[in-house]
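Structure record follows, encoded as structure tokens.
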Amino acid sequence: MKFKKIPAVALAVVTAAGLVACGGSSSGAEDAVGIRVWGAEDDQALLSELIAGFEAQYPDVDFDIQLGVESESTAKDTILTDVEAAADVFAFASDQIYDLVNAGALADLQNYEEAFERYPGRTLDEIKAANSESSVAAATVNDTFYAFPMAGDNSYFLYYDSSVISEEDARSWDTILEAAQTAGKKAGMVFSSGWYNAAFFYGAGFMTDLNPDGTTAMDWNGTSPEGYTGVQVVQSMLDIAGHPAFMSIADGDTANQIASGNLCAIVSGSWDAQAAQVAFGDGYAAARLPDFTIDGTSVPMKSAFGYKFIGVNEYSENIGWAVLLAEYLTNEESQIRRFEARQIGPTNLRAVATDEVQANYAIAAVIAQSEYSVIQKAGGKYWDPVQSFGEIIAQGALDRNDPAAIQTSLDALVEGVTAAIE
């Protein structure tokens, strides 16, 4: 498909015969309305079902909607290699929104509000009000609404086997590891990822943030407002990583490790709910992240909390139709269907309030974790240095009794993360 730039003022127009988007087609037009959609591999069957439902709403329109595979976690990297050649509609993780906006890849949805007002009868304000306030805030950059919230469980918490780990034990890494060792089991977590290991620093009051120039601000080598030092946080992480009952898990390998039967507790997200249910059986349970100990003080971990969005390519040839499709894929009914199919937590408030969602252990845990979480803001230079730093800790390559060496490593970490963008 050939794409062309659509001016921001070119609003979608709705007529009695159908929606005529910029560069699009209406009923009886020679060309079909072509829209390409990218979604996660595990979402393909569901997206096919939802797209069919969207098409059924417009029986007089000739659609040519093509579905392709692109993970939410890698969407930004693929899109930014060639924005004009990317899909019209795509799912992505919320922490990618700043880079996508800066690249001009996301359509300003407010420019297409006329489409929502005329058909299907919802205003953009009503669409925003239907979703959680925090998800809408995360989809908004500089007061501009750029994406439709799709899922509200893009975070992590603790799964545990309650036949080994009691509810009280699950509140602290100290007691989890003690119970796991007694049972001859392991408790695991991914340390080699800035998505997961940041939870220790965020819990202690440290931060990451995005500067206007796209670089990352980070204070992990200093002292937090709560009075903890980065060195103390690393010492606590080393204590956990060095425990004989701890298993450092490779990023992306959590489901395999759960299925191995060696674990009685693991930090992961709702995407591993089914694996944990099968492995833990009647003992299956979930809770917010455990506390960790800094110099004798119990400190709650704070997860990086994110959302999954569906956005529309600013270069889409049929942008009006693309916007309506993106909204359809994220509306109340679609979010409920996504929960039913994949146990993915919704952002739609009515969907969240259903008995089925409320009774789900994983969703209940992520809701509890949301009170101990931060919206992670970090630029592209954040990920590799923090991953490497987490690997060093997991391997025990730092001596907890050598604070000077830990400080040197933290200084190098912050220097790499906050470096200027070439």
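Reading the sequence shown from the start, the letters are residues 26 to 447 in our numbering. By construction, the Cβ of each residue, glycine as well, lies at the ideal position given by its N, Cα and C atoms.
Distance, Cα to Cα, proline 371 vs alanine 429?
Along the sequence shown, read from residue 1 onward, the residue named residue 371 stands at position 346. Along the sequence shown, read from residue 1 onward, the residue named residue 429 stands at position 404. Using only the alpha carbons, I get a separation of about 45 Å.
With three or more beta-carbon pairs closer than 8 Å as the criterion, would you say the segment 162-179 touches the segment 332-340?
yes
Quick one: residues in its chain with C-beta nearer than 7 Å to the C-beta of glycine 53, no 5 flanking neighbours on either side, listed in chain order?
Reading the sequence shown from its first residue, position 28 is the one you call residue 53. The predicted position of glycine 53 is uncertain, since its pLDDT is 43 and thus under 50; a value taken from the coordinates is nonetheless stated next. Answer for glycine 53: no residue qualifies.
Can you give me the Cβ contacts of alanine 351 inside the same chain, cut-off strictly under 6 Å, excluding the 5 residues immediately before and after it?
As a position in the sequence shown, residue 351 is number 326, starting the count at 1. Here the set comprises Val114, Phe173, Ile335 and Val337.
Under the three-state DSSP convention, the category arginine 61 falls into:
For the purposes of this step, residue 61 is taken as the residue at position 36 of the sequence shown. The answer is strand: DSSP assigns arginine 61 an E or B state.
Below 8 Å on the Cβ atoms is my contact criterion, and I expect asparagine 426 with asparagine 156 to pass it. Report the Cβ-Cβ distance as a whole number of Å.
Within the sequence shown, residue 426 is the residue found at index 401, counting from 1. Within the sequence shown, residue 156 is the residue found at index 131, counting from 1. In fact, because the Cβ distance is near 49 Å, the residues do not count as touching under 8 Å.
Taking the beta strand (DSSP E) that leucine 183 falls in, what are its first and last residues?
Residue numbering aside, residue 183 sits at position 158 when the sequence shown is read from its first letter. Per DSSP, leucine 183 belongs to the beta strand (DSSP E) from 182-186.
Mind checking who isoleucine 335 pairs with in its DSSP beta bridge?
Your numbering for residue 335 matches position 310 in the sequence shown. The partner list for isoleucine 335 (beta bridge, DSSP) reads Ala116 and Phe173.
Compute the Euclidean distance between the alpha carbons of valine 108 and leucine 349, then round it to the nearest angstrom.
In the sequence shown, counting from the first residue as 1, residue 108 sits at position 83. In the sequence shown, counting from the first residue as 1, residue 349 sits at position 324. Their Cα atoms are separated by approximately 20 Å.
For lysine 211, the three-state DSSP class (helix, strand or coil)
As a position in the sequence shown, residue 211 is number 186, starting the count at 1. The answer is strand: DSSP assigns lysine 211 an E or B state.
Could you pull out every residue in the same chain whose Cβ sits closer than 6 Å to the Cβ of tyrosine 227, ignoring the five residues on either side in sequence?
By 1-based counting over the sequence shown, the position of residue 227 is 202. Closer than 6 Å at Cβ, skipping near neighbours: Lys327 and Val399.
What number of angstroms, rounded off, separates the C-alpha of glycine 48 from the C-alpha of leucine 92?
In the sequence shown, residue 48 corresponds to position 23, counting from 1. In the sequence shown, residue 92 corresponds to position 67, counting from 1. In this predicted model, glycine 48 has a pLDDT of only 38, less than 50, meaning its place in the structure is not dependable enough to derive any value.
Taking the straight line between their C-alpha atoms, what separation do you get for valine 258 and threonine 318?
Working through the sequence shown from its first residue, we reach residue 258 at position 233. Working through the sequence shown from its first residue, we reach residue 318 at position 293. In a straight line, the C-alpha of valine 258 is about 9 Å away from that of threonine 318.
For proline 315 versus tryptophan 198, is the C-beta distance shorter than 8 Å?
Taking the first residue of the sequence shown as position 1, residue 315 is located at position 290. Taking the first residue of the sequence shown as position 1, residue 198 is located at position 173. Yes.
What does the alpha-carbon distance come out to for the pair alanine 242 and alanine 57?
For the purposes of this step, residue 242 is identified with residue 217 of the sequence shown, where counting begins at 1. For the purposes of this step, residue 57 is identified with residue 32 of the sequence shown, where counting begins at 1. Between alanine 242 and alanine 57, the C-alpha separation is close to 47 Å.
Since glycine 93 sits in a beta bridge, which residues does DSSP pair it with?
Counted from its first residue, the sequence shown places residue 93 at position 68. Looking at the DSSP assignment, glycine 93 forms a beta bridge with Trp63.
Helix or strand or just coil, what does DSSP make of isoleucine 400?
By 1-based counting over the sequence shown, the position of residue 400 is 375. In this structure, isoleucine 400 counts as strand in the three-state DSSP scheme.
Express the C-alpha separation of threonine 148 and glutamine 135 in angstroms, rounding to a whole number.
Taking the sequence shown and counting its residues from 1, one reaches residue 135 at position 110. Taking the sequence shown and counting its residues from 1, one reaches residue 148 at position 123. In a straight line, the C-alpha of glutamine 135 is about 10 Å away from that of threonine 148.
Evaluate the contact criterion for the segment 229-243 versus the segment 296-305: three or more CB pairs, one atom per stretch, below 8 Å.
no
Can the beta-carbon of alanine 376 be found closer than 8 Å to that of valine 382?
Translated into the one-based positions of the sequence shown, residue 376 becomes position 351. Translated into the one-based positions of the sequence shown, residue 382 becomes position 357. Yes, they are a contact pair.
Using beta-carbon positions only, say whether glycine 219 and glutamine 412 come within less than 8 Å of one another.
For the purposes of this step, residue 219 is identified with residue 194 of the sequence shown, where counting begins at 1. For the purposes of this step, residue 412 is identified with residue 387 of the sequence shown, where counting begins at 1. Yes; because the gap between Cβ atoms is below 8 Å, this pair is in contact.
How about alanine 311 and leucine 183: are their beta carbons less than 8 Å apart?
For the purposes of this step, residue 311 is identified with residue 286 of the sequence shown, where counting begins at 1. For the purposes of this step, residue 183 is identified with residue 158 of the sequence shown, where counting begins at 1. Yes, Cβ-Cβ distance for alanine 311 and leucine 183 is below 8 Å.
How about isoleucine 274 and methionine 214: are their beta carbons less than 8 Å apart?
Within the sequence shown, numbered from 1, the residue matching residue 274 stands at position 249. Within the sequence shown, numbered from 1, the residue matching residue 214 stands at position 189. Contact flag set, yes.
Quick check: lysine 333 and alanine 118, are their CB atoms within less than 8 Å of each other?
The count along the sequence shown starts at 1 and reaches residue 333 at position 308. The count along the sequence shown starts at 1 and reaches residue 118 at position 93. Their beta carbons are under 8 Å apart, which means lysine 333 touches alanine 118 by this criterion.
Own chain, CB closer than 6 Å to asparagine 222, minus 5 neighbours either side, in chain order:
Numbered from its first residue, the sequence shown carries residue 222 at position 197. Closer than 6 Å at Cβ, skipping near neighbours: Phe216 and Gly415.
Beta carbon of arginine 313 nearer than 8 Å to that of leucine 71:
Walking along the sequence shown from the start, residue 313 turns up at place 288. Walking along the sequence shown from the start, residue 71 turns up at place 46. Cβ atoms of arginine 313 and leucine 71: not closer than 8 Å.
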